[in-house]
Amino acid sequence: MDIADLNKLYDEGYDCAQCVVFAMKDSIEVSNFDELMRSVSCLGMGLFEGSACGAVLAAYVLIGLKYGNDRPDFSAKGLALIKKEQFMAELRKKHGKGISCPEIMGLDIRKEEDNFIAQRDRIYTEFCPGLCLDVVSALEKVL
Numbered sequence: 001m002d003i004a005d006l007n008k009l010y011d012e013g014y015d016c017a018q019c020v021v022f023a024m025k026d027s028i029e030v031s032n033f034d035e036l037m038r039s040v041s042c043l044g045m046g047l048f049e050g051s052a053c054g055a056v057l058a059a060y061v062l063i064g065l066k067y068g069n070d071r072p073d074f075s076a077k078g079l080a081l082i083k084k085e086q087f088m089a090e091l092r093k094k095h096g097k098g099i100s101c102p103e104i105m106g107l108d109i110r111k112e113e114d115n116f117i118a119q120r121d122r123i124y125t126e127f128c129p130g131l132c133l134d135v136v137s138a139l140e141k142v143l
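This note's numbering applies: residue 1 is where the sequence shown begins, and numbers increase by one.
Right under this line is the structure:
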């Protein structure tokens with residue numbers, strides 16, 4: 001998947017979390033892809049409140065799907081946490097330490113002025129798809 005594909009998904013109405021899941025669909029095993037897409041549909045735009053980045057949260061969901069535990073198992077939980085840290089180390093190479101929308105974008109979309117700037121400067125349609133591509137690239141290295 002390239003930036004043009006991600007832009008197309010955004011244009012179709014998918015948010016950042018859904019774009020990451022869609023981009024990784026051939027790399028994950030899930031019994032119901034539509035349910036997975038619905039399950040991440042409220043993660044976009046920082047949980048729709050400018051907090052934790054939806055693309056990063058979707059990556060955590062996918063790491064959990066592959067390496068997480070479904071019953072008490074400290075070993076599996078430990079592996080999932082290691083994979084999450086490996087993912088974040090890769091992502092931080094391009095996007096610094098934070099995982100919130102304000103830290104990554106440099107704008108706090110909860111503030112009217114910053115939201116206006118984000119729309120005016122096409123952050124959601126230009127920066128965010130590029131970030132999704134970086135998330136997918138980092139995720140591919142750990143899945």
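Ideal Cβ placement from N, Cα and C applies to all residues, glycine included.
Small disclaimer: the values here were computed from a predicted structure and weren't measured.
Exercise for the section: Quickly, what does DSSP pair residue 52 with across the bridge? List them, please. Expected result: For residue 52, the pairing in a beta bridge is given by DSSP as 100.
Handout entry: 6 Å CB neighbourhood of residue 142 in its chain, flanking five on each side removed
Key = Within the same chain, and ignoring the five residues on either side of residue 142 in sequence, the residues whose Cβ sits closer than 6 Å to its Cβ are 83, 86 and 87.
Problem - Beta-carbon proximity of residue 145 to residue 95, cut-off 9 Å - result: Given a span of 1 to 143 for the chain in the structure shown, any question on residue 145 remains unanswerable.
Practice task
Pick helix, strand or coil for residue 36, following the three-state DSSP scheme.
Solution key: In the structure shown, the three-state DSSP call for residue 36 is helix.
Problem - Cβ pair count under 8 Å reaching 3, the stretch 48-57 against the stretch 12-21 - result: Output reads yes: the stretch 12-21 touches the stretch 48-57.
Handout entry: Where residue 71 falls: helix, strand or coil (DSSP)
Key = Of the three classes helix, strand and coil, the one that applies to residue 71 here is coil, per DSSP.
Problem - Rounded straight-line distance, which links the Cα of residue 128 to that of residue 108 - result: Cα to Cα, residue 108 sits roughly 14 Å from residue 128.
Practice task
Decide if residue 104 is buried, meaning its Cβ has at least 16 other Cβ atoms within 10 Å, or exposed.
Solution key: Residue 104 comes out buried.
Practice task
For the alpha helix (DSSP H) holding residue 19, just list the boundary residues, first then last.
Solution key: For residue 19, the enclosing alpha helix (DSSP H) starts and ends at 16-23.
Exercise for the section: State the Cα-Cα distance for the pair residue 6 and residue 12, rounded to the nearest angstrom. Expected result: Taking the straight line joining both Cα atoms gives about 10 Å.
Practice task
Determine the closest residue to residue 25 out of 46, 59 and 10, with distance taken between C-alpha atoms.
Solution key: Checking every option, the nearest Cα to that of residue 25 belongs to 59.
Exercise for the section: Assign residue 42 to one of three DSSP states: helix, strand, or coil. Expected result: DSSP places residue 42 in coil when its eight states are reduced to three.
Handout entry: Nearest-angstrom beta carbon gap, residue 62 and residue 28 [assumed within contact, 8 Å]
Key = So it is a contact: roughly 6 Å between Cβ atoms.
Problem - Cα-Cα separation between residue 75 and residue 33, rounded to whole angstroms - result: Taking the straight line from one Cα to the other gives about 27 Å.
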